[in-house]
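Some notes on the structure that comes next.
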Amino acid sequence: MTTAQAQELDVQPTPLALLLLGREADPRSERGVECPGDLPSPSDPDLVARARAAKEKLGDKVFVLGHHYQRDEVIQFADVTGDSFKLAKDAAARPEAEYIVFCGVHFMAESADILTSDDQKVVLPDLAAGCSMADMATAEQVAECWDVLTEAGIAEQVVPVSYMNSSADIKAFTGKHGGTICTSSNAERALNWAFEQGEKVLFLPDQHLGRNTAVRDLGMSLEDCVVYNPHRPNGGLTAEELRNAKMILWRGHCSVHGRFSLDSVNDVRERIPGVNVLVHPECKHEVVAAADHVGSTEYIIKALEAAPAGSKWAIGTELNLVRRLANRFAAEDKEIVFLDKTVCFCSTMNRIDLPHLVWALESLAEGTLVNRIEVDKETEAFAKLALERMLALP
Numbered sequence: 000m001t002t003a004q005a006q007e008l009d010v011q012p013t014p015l016a017l018l019l020l021g022r023e024a025d026p027r028s029e030r031g032v033e034c035p036g037d038l039p040s041p042s043d044p045d046l047v048a049r050a051r052a053a054k055e056k057l058g059d060k061v062f063v064l065g066h067h068y069q070r071d072e073v074i075q076f077a078d079v080t081g082d083s084f085k086l087a088k089d090a091a092a093r094p095e096a097e098y099i100v101f102c103g104v105h106f107m108a109e110s111a112d113i114l115t116s117d118d119q120k121v122v123l124p125d126l127a128a129g130c131s132m133a134d135m136a137t138a139e140q141v142a143e144c145w146d147v148l149t150e151a152g153i154a155e156q157v158v159p160v161s162y163m164n165s166s167a168d169i170k171a172f173t174g175k176h177g178g179t180i181c182t183s184s185n186a187e188r189a190l191n192w193a194f195e196q197g198e199k200v201l202f203l204p205d206q207h208l209g210r211n212t213a214v215r216d217l218g219m220s221l222e223d224c225v226v227y228n229p230h231r232p233n234g235g236l237t238a239e240e241l242r243n244a245k246m247i248l249w250r251g252h253c254s255v256h257g258r259f260s261l262d263s264v265n266d267v268r269e270r271i272p273g274v275n276v277l278v279h280p281e282c283k284h285e286v287v288a289a290a291d292h293v294g295s296t297e298y299i300i301k302a303l304e305a306a307p308a309g310s311k312w313a314i315g316t317e318l319n320l321v322r323r324l325a326n327r328f329a330a331e332d333k334e335i336v337f338l339d340k341t342v343c344f345c346s347t348m349n350r351i352d353l354p355h356l357v358w359a360l361e362s363l364a365e366g367t368l369v370n371r372i373e374v375d376k377e378t379e380a381f382a383k384l385a386l387e388r389m390l391a392l393p
């Protein structure tokens, strides 16, 4: 039954129907990854023509952003591709576009709304497309953490640094408390700046990026880092442990990158002699320490572009991107494989499929605004302050 038919019969769509259409979030849904052995099957090919028609009808009124981790059937309709921050900046650079359709996850769409004008409307094709890492730090938990730091007598010494992969609320907290945002590309610069402002850093929400940057890039020791667990009293730490620490790491992680292990690295080296192991800094510290190269999504792409023909690479990042790169560079005789033998993709990113994109584009083409992501003004102001500090990093 279509929405129009339901209205004629005075029948309200069920919550399940709304969820399937992408119009509601499901807080009980899996927020991390699935490892079924293969990627989801492609959608109905007729949807390709419908997506093209709706996009052509909208013309310059719509600007479609596609994150690197999106499936191919969606990425083909993106006007630009990139990581979350690049895409948010690209959206802000297109003020003539009334609608920004963000094919990514919720925190990315929030960042786009923060950086774009009030006249632009950011749309997320499926509201259930969240991020397990961003969900690991709530505003209430972080406020409680700050109270713990205050009681330990160190809050004035602490500068919050929050990863881009965080909610608008966490970005706002960071801005309000004198901190900055970072990406996986500029985390070292962000931490250097933070330690010029204070003696300690509270790094949110990805412990692995914080630890890897502090130890690998800034030369700290693992003993300089402690992990704050929001599910334990006082974060599971004593006041003395907090006072002695330089890096207070939030107990959060990426569900995709967290799956890679030292065994994965050792196994691929045995299977593929001469392989280069290239991983994202969201991976565990022992994986990063064992890898040949470490860098952001953009770094990974550029490294493979510059790699010589005949070279072999095992990549520790999201599967959609790895497969796309493997296909792209196959003609150059570059062997590119997924680091883990288990096929694993980000299930929440994969919620943005062709049916949801078509539904969003056709709705907009008919004049119906759906799934708008809108950050309230106070949150936006403090979050933007934190993002502007990042943009001003030396």
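Going by numbering that gives the first Met the number 0, the sequence shown wraps up at 393, each residue one higher than the last.
All C-beta atoms in this analysis are idealised placements derived from N, C-alpha and C, irrespective of residue type, glycine included.
When the Cα atoms are used, what is the spatial distance from residue i to residue j?
i      : j      : result
LYS88  : GLN119 : 13 Å
ALA142 : GLU187 : 25 Å
LEU318 : VAL267 : 16 Å
ALA382 : GLY177 : 11 Å
ASP216 : LEU368 : 45 Å
VAL200 : SER263 : 31 Å
LYS114 : ILE180 : This sequence places Leu at residue 114; Lys is not what is there. When rounded, the distance between both Cα atoms is 14 Å.
PHE259 : ALA50  : 35 Å
GLY299 : HIS279 : The sequence shown places Ile at residue 299, rather than the Gly named in the question. Cα to Cα, the separation comes out at about 8 Å.
PRO229 : SER346 : 25 Å
ALA90  : ILE351 : 18 Å
THR316 : LEU277 : 9 Å
VAL407 : PHE76  : Outside the displayed range of the chain (0 to 393) lies residue 407, so it cannot be described from this structure.
THR173 : ARG371 : 24 Å
ALA193 : SER362 : 44 Å
GLY209 : LYS245 : 11 Å
CYS130 : ASP291 : 28 Å
HIS256 : ILE271 : 21 Å
ALA53  : ASP71  : 19 Å
LYS85  : GLN69  : 15 Å
ASP78  : ILE335 : 26 Å
Could you tell me the boundaries of the beta strand (DSSP E) in which residue i lies?
i      : result
ASN275 : 275–278
PRO354 : Counting along the chain, PRO354 falls outside any beta strand (DSSP E), though it belongs to the alpha helix (DSSP H) covering 353–364.
GLY174 : Per DSSP, GLY174 belongs to no beta strand (DSSP E); it is in the alpha helix (DSSP H), 167–175.
LEU64  : 61–66
MET246 : 246–249
VAL214 : That residue, VAL214, is in no beta strand (DSSP E); it is neither H nor E in DSSP.
CB-CB under 7 Å to residue i, same chain, minus the five flanking residues each way: which ones, in chain order?
i      : result
THR80  : GLY65, HIS67 and ILE74
ASP59  : GLU95 and ALA96
SER310 : ASN275 and LYS333
ASP205 : MET132, TYR162, ASN164, GLY251, HIS252, CYS253 and GLU281
LEU261 : GLU285, VAL286 and ALA289
GLY234 : CYS144, VAL147, TYR227 and ASN228
LEU356 : ALA50, VAL73, PHE76, CYS102 and PRO124
SER116 : PRO94
VAL121 : ILE99, PHE101, ALA108, ALA111, ASP112, THR115, ARG371 and ILE372
GLU222 : none
PHE106 : CYS130, ALA133, ASN164, SER165 and SER166
ASP104 : The identity of residue 104 in the sequence shown is Val, whereas the question assumes Asp. For VAL104, where only same-chain residues beyond five positions count, the Cβ hits under 7 Å are ALA128, GLY129, CYS130, THR347 and MET348.
For residue i, does the three-state DSSP call read helix, strand or coil?
i      : result
TYR98  : strand
GLY315 : strand
LYS120 : strand
ILE180 : strand
THR80  : strand
VAL226 : strand
VAL293 : strand
ARG70  : coil
ARG371 : strand
ALA137 : Rather than Ala, the amino acid found at residue 137 in this sequence is Thr. THR137 falls in the coil class under three-state DSSP.
THR237 : coil
ILE299 : helix
GLU281 : coil
ALA288 : helix
PHE194 : helix
PHE328 : helix
Could you pull out every residue in the same chain whose Cβ sits closer than 6 Å to the Cβ of residue i, ignoring the five residues on either side in sequence?
i      : result
GLU240 : VAL225
GLU379 : ILE113
ARG93  : PHE62
ALA138 : ASP168
LYS175 : PHE381
LEU386 : ILE180
GLN412 : Nothing about residue 412 can be read from this structure; the chain reaches only from 0 to 393.
VAL321 : ILE314 and PHE337
In the DSSP output, which residue or residues are listed as bridge partners for residue i?
i      : result
VAL157 : LYS199
TYR162 : CYS181
VAL336 : ALA313
Could you spell out the range, first to last residue, of the alpha helix (DSSP H) harbouring residue i?
i      : result
PHE84  : 83–91
HIS252 : Premise fails: HIS252 is in no alpha helix (DSSP H) and is neither H nor E.
LYS376 : 376–390
LEU114 : 105–114
Short of 8 Å in beta carbon distance, which residues of its chain neighbour residue i, apart from the five on each side in sequence? Order them along the chain.
i      : result
LEU248 : PHE202, GLN206, GLY209, ARG210, CYS224, VAL225, VAL226 and TYR227
THR212 : ALA186, GLU187, LEU190 and PRO280
Step through the CB atoms of chain C and report whether any lies within less than 8 Å of the CB of residue i.
i      : result
GLU377 : Given the protein chain composition of this structure (a single chain), no chain C is represented.
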